[in-house]
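Have a look at the structure below, then the notes.
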Amino acid sequence: MCPEPIPTGVALSRERLLEAYRTMRRIRSFEEKLQELVLAGKMAGFLHLYVGEEAVATGVCMHLDSRDWVTSTHRGHGHCIAKGVGVAGMMAELFGRATGLCKGKGGSMHIADMDHGMLGANGIVGAGIPLATGAALTAKVKRSGGVGVAFFGDGASNQGQFHESLNMAQNWKLPALYVVENNGWGEFTPTGFVVPVADIAERARSYAMNALIADGMDFFDVFEKAAEAIARARRGDGPTLLECKTYRFSGHYVGDTLAYRSKEEAEHWKQRRDPLERFEHRVVEAGLLSSDALRSADGEVAAQIASAVAAAEAAPLPDPTSVTSDVYVNG
Amino acid sequence: MCPEPIPTGVALSRERLLEAYRTMRRIRSFEEKLQELVLAGKMAGFLHLYVGEEAVATGVCMHLDSRDWVTSTHRGHGHCIAKGVGVAGMMAELFGRATGLCKGKGGSMHIADMDHGMLGANGIVGAGIPLATGAALTAKVKRSGGVGVAFFGDGASNQGQFHESLNMAQNWKLPALYVVENNGWGEFTPTGFVVPVADIAERARSYAMNALIADGMDFFDVFEKAAEAIARARRGDGPTLLECKTYRFSGHYVGDTLAYRSKEEAEHWKQRRDPLERFEHRVVEAGLLSSDALRSADGEVAAQIASAVAAAEAAPLPDPTSVTSDVYVNG
Amino acid sequence: MSRLLSTGQAINEALAIAMETDPDVILLGEDLVGGGTREVEGTDEMGGVLGTTKGLEKRFPGRVLDTPISEMGILGTAVGAAATGLRPVAELMFMDFLGVCLDPLLNQAAKLRYMFGGKARVPLTVRTVCGAGMRAAAQHSQSLYWMTAGIPGLKTVIPSNPAEAKGLLLAAIRDDDPVVFCEAKGVLMQRGEVPEGDFTIAIGRANVVRTGADVTLVGFGATVSVALAAADALAKEGTHAEVIDLRSVAPLDEETILSSLEKTGRLVVVDESTPRCSIASDVAALCVDRGFDFLNAPVRRITAPHSPVPFAAILEDAFRPDAARVIAAVREMG
Amino acid sequence: MSRLLSTGQAINEALAIAMETDPDVILLGEDLVGGGTREVEGTDEMGGVLGTTKGLEKRFPGRVLDTPISEMGILGTAVGAAATGLRPVAELMFMDFLGVCLDPLLNQAAKLRYMFGGKARVPLTVRTVCGAGMRAAAQHSQSLYWMTAGIPGLKTVIPSNPAEAKGLLLAAIRDDDPVVFCEAKGVLMQRGEVPEGDFTIAIGRANVVRTGADVTLVGFGATVSVALAAADALAKEGTHAEVIDLRSVAPLDEETILSSLEKTGRLVVVDESTPRCSIASDVAALCVDRGFDFLNAPVRRITAPHSPVPFAAILEDAFRPDAARVIAAVREMG
Ligand SMILES: Cc1ncc(C[n+]2csc(CCOP(=O)(O)OP(=O)(O)O)c2C)c(N)n1
Ligand SMILES: Cc1ncc(C[n+]2csc(CCOP(=O)(O)OP(=O)(O)O)c2C)c(N)n1
Ligand SMILES: [Mg+2]
Ligand SMILES: [Mg+2]
């Protein structure tokens, strides 16, 4: 396979390329570790893994900083990591420890980090979309220069909240970015069964909104399209719907038998489109990063995750009486 | 002003033309009577009048029969009348009498007649849309040949229920028709402030749905476009979004001061686009109906409405103990 | 100094003070300004369907936002804005419309702080109109405060007169938790003395509006006047009722209710909502739990029936709890 | 004849019988079939996230409809279909999702008949999963039956074991009013004896599952087993508890509760929902109203705390009502 060229619009330093790779690898390794822990009975809860979709969160979030907010979904670990949330706090949360990011109260579907502009995973499909719209409204009213970014799935584009939020954002020209991660499936149902248009980006027309489509398995393509959309938002020119075509390598949740999906389909994506492999192939061929540098990044990430697991396992459980705290600000 | 030609696709008998006129006139006169009654303090409740929009309900419902269902909105009297609901039962309902269509329990915003395929006005903007979708589902499952028709406003097209219903209808190729009555306003806010596209019909693209636009002030244009859409639905070829450009001559509700809207705008529509006048002008010029025939229809309608008012005023009030009946089927 | 104002005017005043004193306060909702063509000669803003927000856009340009008819979007956006630094006041035109926008309250505003381990604040206020009495029928007349009161993480308040409306609304806006502020139609139509200037009424504290030793009447929102009317009538028969205005239905001021019950031994709660899973049931359940030792008689709940709200005046009047039913309940207690 | 089935299997059986006996019964919801590519070699249907609807599409082609993730659309469409001649069973995957689809229940299904003066029927069933215990945290664990129970025009039932699930579901589907059928997670995980064939359990009637003269324990859904465990432990101390399984939380079988209370004079209600505006409050309020003369002790409500449902096992376990708390409450009554 010939190496695909890196888009000319993307000029990233060695440092930044390594950062992109490290983020994608961190997501991948984090998720793989979770799968192992759940199957071994060491971790409870419903976990939805982001494996295969790493380029999307990474390509978008590399443009974001402390002014910006992201909202996420049930499949939220990747967005957290890409937005800079630490894996130690995340791991402790998933283990239900007092040291977890949410003191063990949130778990995978509600993991959040207000200090890193991460306004939460969300267990309600579509519910993160208006939250990000609200973050964009704050940015606009306060003239912070920030952007509100909602990540959500193809399935979520069938929710009323999608429709209402995008319409409002366009009316108000909010600095918002709507990233639809079209991974071809909503639970066990293929997207084509429930979305009668080929491109979800088409839906932006209902709001006269700017739309872009990216190859969600290609960090560079996502990075480039997101750059355009975010610059537009920061300039005050309004929101964008960015569709990233992607695929989830694993089941809908850890434990999913995958009986509904053909092995061939999954193998095709894994063998041909793996975003980490594609990234590596291209940066190495282009002489931008060495394999050695990447392998040593892999090692760092692995160590980081191993230590997150060890720390989480050693951390204290929450005090049962804390079940009634944090309901209100005072008490 | 030269008479506009009647579309060649519309070949209606004298009988049917008179029926169309009578329906439009019945709606107009009914609404004007209500306005008079409310302002005179003889009738209570929130009344939203359909004056100016008569051609829409009439042009669509002339294609419907007893297999078909319509759902409506807060502005529902016109849809009732066009679907064949009797004005006597309607008037009694609006007077809150025991003889009303809904025994005085529904009132203007909930007027309904299951015997005439009228599944209710609706006080919740957008809520009639999935109800009509459900009626279309029944028609499909039971192979009744029927169609489910939802009438709703431009404002309702900003509701999540619009989005979710149209998407489902297209996925299932339901025999449904979605008629958006774009009258330029949602309460006191111009449509352009909250709908960023010029044509709401554009929104059909989000679902790869068939879309049509009609001049909602022209009976013939609505009739022709609705014919196409309903034939399509009955053939099993799926739903259509039909946008009718129209205007409400009166306020949002009876009592509205109309301070928010310029008099010139309203006068323009009333003077130039009145659907009854345009209809009359054309059928008379074309020699299809005589002015005399129309004036005698006016007289019949006026008498019918006067007798509906007299009967309603004389009718008994509901028994106060009936407040707790009809909550459940048994009791 | 106080003047006679309508509840709507008191609310307008509270909104202006909140916006004046905190630049983070914004308003959003349908037709809050209205009259989008107000640049057009001869047209004007409307200031909401009831005129409550009139003039605010002119005073605070860019901070009063007209929205599409998209309640889920409005409340969801408001939650996001609240969590990221604004202090939004969202308007839900009628409380019945909770049907189309419950999620931002139920699953977002109420839970973000808890789910995030105490690390978020959602200083959101939702203003909404509830209650029967305007011939607006089943979908524009419900008293659904029991739904929001039952959701942990939310607070729900309901003033019974214009002054309370002003003080409670200012408190709600400044509260760091999400608060649902209910404007009962029966109260919106009232006028009353309203103090000038900036003041708040504490959320979570009931108000004893009339003292008496024979029976406790608990009301809130529009039923406070019903309870007071009953108390007047009962006084003439020599029965002295203590009347409590809950002001806040969540949190519930249990202590004020219990200490009145301790004194009177008898209690009637008047609630204009339907009976099941109601504030009335909670008050009665409190009495038979923590107040058991004080009870000398059954606790009666005077509520609407378990029915939708009917349209016809004669039916709607039969639907609404009135003083006659309260008086009869007290008399029956002997 | 009866066999040991899981609650999910019992539900599957009830759905098959309902579809077999009435061609108007259809099912709709997300992933009810699933595996849209099931024509593809080597793939299969899923039959819902919990496998409850497995096999039904094959048996009743065209009558099990997979939907988009559009709960408002699903329920609204189901209401329209029910009013026009079908008898739909719609699935709401988790009851927490009421947040995004309350309107079709609150303002449509519950009210059409009344608003139309008794001239409509809405024979809709909504199947949904509620309750904590699966480490699914705040947005997938709520017990929101109090919300639907509070809405006039709806019925809400909740079985406590597989056999009840079968009989109540068949009754719900055949009922001409809209019924919300709650599948508590704690019950879904149970197995039990289930009679074969077609049978129904009357909606609105509670079941006395254990008789006793000392105290009444009222439970429903997952709390029936909690009450029974408490009754076992109390029996060892010589306290004989009567245990009532409500089966239906709306309508509420007041007579069965009151006649038990008349006998025992003491009552504890166990409800896994949060406390405010709960079924527990309604039961307590009933006791202090119509049951006042029977009461010998305070009525205790054993519920979850007024908090969202936490994720960590240790917190979720503390959140859920358990037998120990019931036992302690009874002991305290003396
Ligand atoms: C409102 C709501 N409906 C249904 C669900 C159950 N559910 C969780 S994830 C999911 C599929 C989501 O599909 P998509 O949006 O494409 O995201 P993906 O899982 O593919 O990343 C569903 C139906 C939910 N959590 N919330
Ligand atoms: C869910 C909901 N939101 C708000 C309202 C209040 N309301 C009643 S009519 C209306 C305007 C509707 O505009 P449109 O859909 O264009 O219909 P039109 O009145 O122009 O016929 C509004 C906002 C409502 N009834 N329901
Ligand atoms: Mg997907
Ligand atoms: Mg309009």
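Chains as they are written, first to last, in the numbering used here: chain P, 878 to 1208; chain Y, 878 to 1208; chain E, 3 to 336; chain W, 3 to 336.
Ideal Cβ positions, reconstructed from N, Cα and C, are used throughout, including at glycine.
Being a predicted model, the structure only gives us computed values, none of them experimental.
Assigned exposure category for residue i - 16 Cβ within 10 Å defines buried
i, result
"P/A888", "exposed"
"P/H1145", "exposed"
"P/R893", "exposed"
"Y/D945", "buried"
"E/D295", "exposed"
"Y/M878", "Bear in mind that a pLDDT of 47 at Y/M878, under 50, signals an unreliable position, so the number given afterwards is only what the model happens to contain. Under this definition Y/M878 is an exposed residue."
"E/T276", "buried"
"E/E47", "buried"
"W/P70", "buried"
"W/T79", "buried"
"P/G997", "buried"
"E/P323", "buried"
"Y/M1086", "buried"
"P/N1207", "exposed"
Simplified DSSP assignment, three categories, for residue i
i, result
"Y/T948", "strand"
"P/Y1055", "strand"
"E/D234", "helix"
"P/M878", "Note that P/M878 scores a pLDDT of 47, beneath 50, so its modelled location is shaky; the value from the coordinates is reported in the next line. The answer is coil: DSSP assigns P/M878 none of H, G, I, E or B."
"P/W1062", "strand"
"P/G1030", "strand"
"P/T1015", "helix"
"P/E970", "helix"
"E/V285", "helix"
Separation of residue j from residue i, as counted between CA atoms
i, j, result
"P/P882", "Y/V1071", "43 Å"
"Y/F1096", "P/N1035", "34 Å"
"P/R1155", "P/R899", "14 Å"
"W/T45", "P/T1066", "12 Å"
"Y/Y927", "W/G120", "26 Å"
"Y/C1121", "Y/T935", "12 Å"
"E/M74", "E/D98", "13 Å"
"P/L1054", "E/I316", "53 Å"
"W/K265", "W/V301", "15 Å"
"E/L77", "E/R5", "33 Å"
"E/T2", "E/V272", "Lying before the first or after the last residue shown, residue 2 of chain E is absent from chain E, which here runs from 3 to 336."
"E/A138", "Y/G922", "6 Å"
"E/Y147", "E/C184", "7 Å"
"P/S1021", "Y/G981", "55 Å"
Same chain, Cβ closer than 8 Å to residue i, neighbours up to 5 away in sequence not counted
i, result
"P/P1193", "R974, A975 and T976"
"Y/V964", "R903, F907, I958, Q1181, I1182 and A1185"
"E/A215", "H242, E244, K265 and T266"
Residues of its chain near residue i, where Cβ-Cβ distance is below 6 Å and the 5 sequence neighbours each way are ignored
i, result
"Y/L916", "none"
Neighbourhood of residue i by C-beta distance below 7 Å, restricted to the same chain and skipping five residues each side
i, result
"Y/D1076", "I1090 and E1120"
Could you name the residues of the stretch 968-1001 of chain Y whose beta carbon sits closer than 7 Å to any beta carbon of chain E, in the order they occur along the chain? G973, G981, K982, G983, G984, M986, H987, G1000 and I1001
To be precise: take each residue of the stretch 1030-1044 of chain Y, compare its Cβ to all Cβ atoms of chain E, and keep it if any distance is under 8 Å. Which residues remain? G1032, A1033, N1035, Q1036, G1037 and Q1038
Chain Y contacts made by the stretch 14-29 of chain W, where a contact means CB separation under 7 Å: I28
Residues of the stretch 1073-1091 of chain P whose Cβ lies closer than 7 Å to any Cβ of chain Y, in chain order: P1073, V1074, E1079, R1080, R1082, S1083, Y1084 and A1085
Beta carbons nearer than 7 Å to chain W: which residues of the stretch 88-108 of chain E have them? D98, L100, G101, V102, L104, D105 and L108
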